[in-house]
Amino acid sequence: MAKVYIAFHVMLTSIIFYYVLKNSPSSILFSRLIPFIVFGSMFEILRLKAFSVNEQEMNVSAGSAIILAAVMLFNPLELLLFAFCYGLSIVIFPRIVSPFKFIFNLTETINVTYITFLVWNSLHLKNGVLLCTENILPMLFTISAFVLLDILSVSIIVSISSHIKLFTIWRKSLEWVLVSYVLVAFVGWILAATYNEFHLFGLLGFVLPLLLMRYNMYLFVKDKETQYAQLQDYNELLKDNNEQLLITLSHIIDARENSLLGHSLTVAKYATAIGAKLNFTTEEMYDLKRGSLLHDIGKLGICEAILQKPGKLTEDEFKVIRGHSLIGYKILESNKGMERVAKIIIQHHEQYSGGGYPNQLKAEEILIESRIVALCDALDTMLSTRPYKQGWPIDKAVVEIVRCRGTHFDLKVVDAFLELKSELGDGFFTNSYEAKDNELSLGNLLSGHQEP
Ligand SMILES: [Fe+2]
Ligand SMILES: [Fe+2]
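In this note's numbering, the protein residues as written are 666 to 1117.
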């Protein structure tokens, strides 16, 4: 579709060139053409990015004032040469673009400029005086045609490549640039009239202050961009620190119970790998990672005498331990930004068929993250050595998980786990009790499985 659309622009440009070369006088006044090309290109080179839709930049360039002045002053052949050179300056500097983008930008500039010229020529007062009140309406119509056509033709290509509705892009673009274009239109109109009167001096008198102002704004925007990049770096650093703190907290949680060091981090490793398999977004992945690292945080509220009791637990003691998911929820529920993490934690011992605790939720009533953590929690418990048992081999754990597919565990989470196992092999699944200290790092345990 995009190629067909670009072909349409190429065809239109060819028709315009053919028509103009055949019908127009061949006189070209280089003394006015060249300064316009030079200054127009300079404005384009110094253009400021206004915003972007799907990486397609939408710019408001003061160069549009030069285009409008050229539309009002030049004959068709001069205008085409001007539009061609102006279009080249858009695509050549400061970025190198793909051949399709190159052709599109060049032909689109020529087409829109020439159609704007036709609109102006059919509307304005042809008495040689540009700056008169009768020409205000034609000038506004002309700039409207220029803006609408320019934005429409760019929006179409953005809409085709991004699958965003054409009207949405068009409206958003208009909102951004309309006021600037009206301003640019008046500048272009006055510039054309001044050029008519004072020629090159008129042009310089207008363009030099504008260029200097533009250059100042350019420096200002560059400075803002540097500051923004710095802020992003700090943000990344904060995120890393935050993640390290979460891991430390997960070690603290695990350390309160015999032989559990590494459990939470290993659960997070499995959970994020399954989340990636289920196409979690970056935000969902972040909650899943935090929820799995902190799933047993409620154990901080259970006394060590019970957590570390060497013998069998009584029914009352089991009841106390089961309270850890609710305690975990209470610890985190009022933390801003942790609301979903708190919910993941309270539901991590719910079972798919409704037999879990504390609220006996069923199937989709349980958050998908909690269903994932439930499986990964059980998986690590099976695979890891505990005071009362040796770690199981992975195949034995797989049999058990498949047996509980649809009862303890969500069907699609089990399927994602099985796919993961066949993709990554048995080596990915470890006995977390035997994990050496240096393996208990985010880099080793979550590498490649943090993001979808
Ligand atoms: Fe738990
Ligand atoms: Fe756990």
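Using N, Cα and C, we set each Cβ at its ideal position, and we do this for glycine too.
- Among the bridge pairs identified by DSSP, Lys964 is matched with none.
- Here Glu862 is exposed: its Cβ has fewer than 16 other Cβ atoms, across all protein chains shown, within 10 Å.
- Pairing Ser820 with Ser838 gives a Cβ-Cβ distance under 8 angstroms.
- For Pro874, the enclosing alpha helix (DSSP H) has its first and last residue at 831-920.
- DSSP lists Arg1051 as the bridge partner or partners of Lys1054.
- For the pair Thr1046 and Gln897, the Cα-to-Cα distance works out to about 39 angstroms.
- Per DSSP, the beta bridge partners of Arg1070 are Phe1074.
- Taking the Cβ of Asp952 as the reference point, every heavy atom of ligand 2 lies at 7 angstroms or farther away.
- For the options Tyr994, Lys1061, Ala1081, Glu1065, the alpha carbon positioned closest to that of Ile1033 is the one of Ala1081.
- Bounds of any alpha helix (DSSP H) do not take in Leu796, whose DSSP letter is neither H nor E.
- Here DSSP, grouped into helix, strand and coil, assigns Met1003 to coil.
- Distances from the CA of Lys934 to each of Ile912, Thr946, Gly728, Ile808 were compared; the closest alpha carbon is that of Ile912.
- Taking each of Asp919, Lys1054, Phe871, Glu1065 in turn and checking the Cα distance to Ala1043, the smallest one comes out for Glu1065.
- Counting along the chain, Asp952 sits inside the alpha helix (DSSP H) bounded by residues 947-958.
- Under the three-state reduction of DSSP, Thr979 is assigned to coil, being neither helix nor strand.
- Between the beta-carbon of Gly927 and that of Gly963 there is about 19 angstroms, and that puts the pair past the 8 angstroms contact cut.
- Rounded to the nearest angstrom, the gap between the Cα atoms of Ala936 and Ser999 is 24 angstroms.
- In terms of side-chain proximity, the C-beta atom of His928 is found no nearer than 7 angstroms to any non-hydrogen atom of ligand 1.
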